[in-house]
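Asks: Chains as they are written, first to last, in the working numbering: chain G, 179 to 335; chain P, 39 to 212.
1. If you measure beta-carbon to beta-carbon, which residues of the region 240 to 264 of chain G are closer than 8 Å to chain P?
2. Let me confirm a value: residue 78/P is counted as buried when at least 16 other C-beta atoms fall within 10 Å, else exposed. Which label applies?
3. Assign residue 146/G to one of two classes, buried (16 or more other C-beta atoms within 10 Å of its C-beta) or exposed (fewer than that).
4. Between which residues of its own chain and residue 141/P is the CB-CB distance below 7 Å, once the five residues before and five after are set aside?
5. Please report how far the alpha carbon of residue 315/G lies from the alpha carbon of residue 225/G, in whole angstroms.
6. Buried or exposed: where does residue 253/G fall if 16 or more other Cβ atoms within 10 Å of its Cβ makes it buried?
7. Hey, does residue 311/G have any beta-carbon neighbour from chain P nearer than 8 Å?
8. When we look at the beta-carbon of residue 272/G and count the other beta-carbons within 10 Å, is it buried (16 or more) or exposed?
9. Residues of chain G with CB under 7 Å from residue 42/P, in chain order?
10. Beta-carbon separation of residue 154/P and residue 171/P under 8 Å?
11. Taking the straight line between their C-alpha atoms, what separation do you get for residue 205/P and residue 282/G?
12. Hey, out of 190/P, 39/P, 63/P, whose CA is closest to residue 74/P's CA?
13. Under 8 Å Cβ-Cβ, which residues of chain G neighbour residue 57/P?
14. Can you find a CB in chain G that lies within less than 8 Å of the CB of residue 51/P?
15. What does the Cβ neighbour count give for residue 196/G, buried or exposed, with the cut at 16 atoms within 10 Å?
16. Give, in chain order, every residue of the region 285 to 303 of chain G whose Cβ lies closer than 8 Å to some Cβ of chain P.
17. Ignore the nearest five residues each way along the sequence and tell me which others in residue 48/P's own chain have a CB closer than 8 Å to its CB.
18. With three or more beta-carbon pairs closer than 8 Å as the criterion, would you say the region 123 to 133 of chain P touches the region 91 to 109 of chain P?
19. Have a look at residue 260/G and residue 237/G and give me their C-alpha separation to the nearest angstrom.
20. What alpha helix (DSSP H) runs, 4 residues minimum, are completely inside the region 41 to 80 of chain P?
21. Does the beta-carbon distance from residue 91/P to residue 69/P come in below 8 Å?
22. When you compare the CB positions of residue 54/P and residue 191/G, do they come within less than 8 Å of one another, or not?
23. Using only the alpha-carbon positions, how far apart do residue 151/P and residue 245/G sit?
24. Within the continuous alpha helix (DSSP H) that includes residue 198/G, where are the two ends?
25. Under a three-way DSSP split, which group does residue 288/G fall into?
26. Give the residues of chain G in contact with residue 70/P, contact being defined as C-beta atoms less than 9 Å apart.
27. What does the alpha-carbon distance come out to for the pair residue 318/G and residue 208/G?
28. Shortest alpha-carbon distance to residue 269/G belongs to which of 219/G, 291/G, 204/G, 296/G?
29. Roughly how many angstroms lie between the CA atoms of residue 265/G and residue 229/G, to the nearest whole one?
30. Please report the residue range of the alpha helix (DSSP H) in which residue 182/P lies.
31. Go through its chain and collect everything with a Cβ distance to residue 291/G's Cβ below 7 Å, but skip five positions before and after it.
32. Report buried or exposed for residue 240/G, applying the criterion of at least 16 other Cβ atoms within 10 angstroms of its Cβ.
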């Protein structure tokens, strides 16, 4: 899996911003949601990472294009994307730390490993706790039809 | 984390190309609002905020890459020379983001290690944690020095003016 910027070759720079903004937001949204199932499973940390990065790119695009859309509905969708970034961030930060300390562990003599092992176990427990709000948010998004509503709003002309 | 600055003057019914020249300079200015704080290594929050602003600039540059270069009539192609310059500017932004990312990572690791030592009441005698803290502090100092050196070199080379000048330049019809 690779973190890449959205391909924008299909965007015509002579097209209006409004039209391009819709295309970009919708494309980023699809990309972000494509990682959701993997993030739910949780065995491969890359899914959470990619979903978080794409949610940040989506938000950066939304920040730039806010004036292209009716404010109230736009803000509602923006807040939800922000919640997605936040809950993923809590898990990702712990994944990064666990990976880092696991690497450190391999470089330490046996006598110095116990403290780091204890720390890794502690962080793994925190990670399990951090996954709960993320999973609750995903369940809520599914129950409320967030995906359909988001796409209906941003695809409408 | 500081919020993104509100972008003003956007024209939804004007071209993507024109709006790139309205939006991107404002993203550059957002980055430079943090400059007064960066010469103090202890300003963790401001260094972090600069990293986030740089990341926003990077993502926005990537979005608008297609809007730079001389447009050929009836074509979406851009000239190779302008795209090369765009990529060079973007490369500098990515490098800055990465160095600041290393500093932030070290700050987070230091905080976790220090909290863990305090919580478990292991004190300074913890054989595994204390050396890691020392090592991490050293790495953080090195990363910060590297960042500041890079920043000062860019300032001496008038990077901001050159970047703004490039981002604001009107495309030439070929």
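All residues carry an ideal CB built from backbone N, CA and C; glycine is no exception.
Replies: To lay it out plainly:
1. So the list reads 241, 242, 243, 244, 245, 246, given in the order they occur along the chain.
2. Exposed.
3. For chain G, the structure presents residues 179 to 335; residue 146/G sits outside this window and is missing.
4. These residues qualify, in order along the chain: 85, 178, 181, 182, 185.
5. Going from the Cα of residue 315/G to the Cα of residue 225/G covers about 16 Å.
6. So residue 253/G counts as exposed.
7. Against chain P, the CB of residue 311/G has no partner CB under 8 Å away; the residue lies outside that interface.
8. Taking all protein chains in view, the Cβ of residue 272/G is crowded by 16 or more other Cβ atoms within 10 Å, so the residue is classified as buried.
9. Result: 241.
10. No, the Cβ-Cβ distance between residue 154/P and residue 171/P is not below 8 Å.
11. Rounded to whole angstroms, residue 205/P to residue 282/G spans 43 Å at the Cα level.
12. Residue 190/P holds the alpha-carbon nearest to the alpha-carbon of residue 74/P among 190/P, 39/P, 63/P.
13. Neighbours of residue 57/P on chain G, chain order: 195.
14. At least one beta carbon of chain G lies nearer than 8 Å to the beta carbon of residue 51/P.
15. That one is buried.
16. When CB distances to chain P are screened at a threshold of 8 Å, the residues of the region 285 to 303 of chain G falling below it are 286, 289, 290, 291, 292, 293, 294, 296, 297, 300, 301, in chain order.
17. Around residue 48/P: 57, 60, 61.
18. The region 123 to 133 of chain P is in contact with the region 91 to 109 of chain P.
19. One Cα belongs to residue 260/G, the other to residue 237/G, and the distance between them is close to 7 Å.
20. Listed in chain order, they are 54 to 70.
21. Yes, the pair counts as a contact, with Cβ atoms nearer than the cut-off.
22. Taking 8 Å as the Cβ cut-off, residue 54/P and residue 191/G qualify as a contacting pair.
23. Cα to Cα, the separation comes out at about 44 Å.
24. Note, residue 198/G: alpha helix (DSSP H), 195 to 211.
25. Shown here, residue 288/G sits in a helix according to DSSP, grouped into three states.
26. None at all; the shortest Cβ gap to chain G is about 18 Å.
27. A straight-line Cα-Cα distance of about 18 Å links residue 318/G and residue 208/G.
28. The shortest CA-to-CA distance from residue 269/G to any of 219/G, 291/G, 204/G, 296/G is the one to 219/G.
29. Their Cα atoms are separated by approximately 11 Å.
30. From DSSP, the alpha helix (DSSP H) with residue 182/P extends over 167 to 194.
31. Hits under 7 Å: 283.
32. Under this definition residue 240/G is a buried residue.
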